[in-house]
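Residue numbers (our numbering): 2 to 68. Report on the structure given below.
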C-alpha cells in the first residue's frame, strides 16, 4: 500500500504561521521533556520546502485587445 502524500500551497504569511506553530509545539514538548523527533522532521520539511513562483498568464480575447 502506497503512503498518501499531500501537497499544500501556502503563501509567505501562511508558511510563517505554520513554522511558528510547529516551533511553539516543539518548545512545549521540550518543557514537558517529551520526544520532539516527529515535530523536528515536519518543522525541517516546512523550512526547507522549495518555493515555486506562480506564473500568472491570461488569455486575452480579441475585443480586449482592440481588434
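For glycine and all other residues, C-beta sits at the position ideal for the given N, C-alpha and C.
message: Check whether the region 7 to 18 and the region 29 to 40 are in contact - that is, three or more C-beta pairs closer than 8 Å.
response: no
message: Can you list, in chain order, the residues of its chain with a C-beta nearer than 8 Å to that of residue 24? Leave out the 5 residues immediately preceding and following it.
response: 44
message: Within the continuous alpha helix (DSSP H) that includes residue 40, where are the two ends?
response: 38 to 49
message: DSSP three-state label for residue 27, please.
response: Helix, per DSSP.
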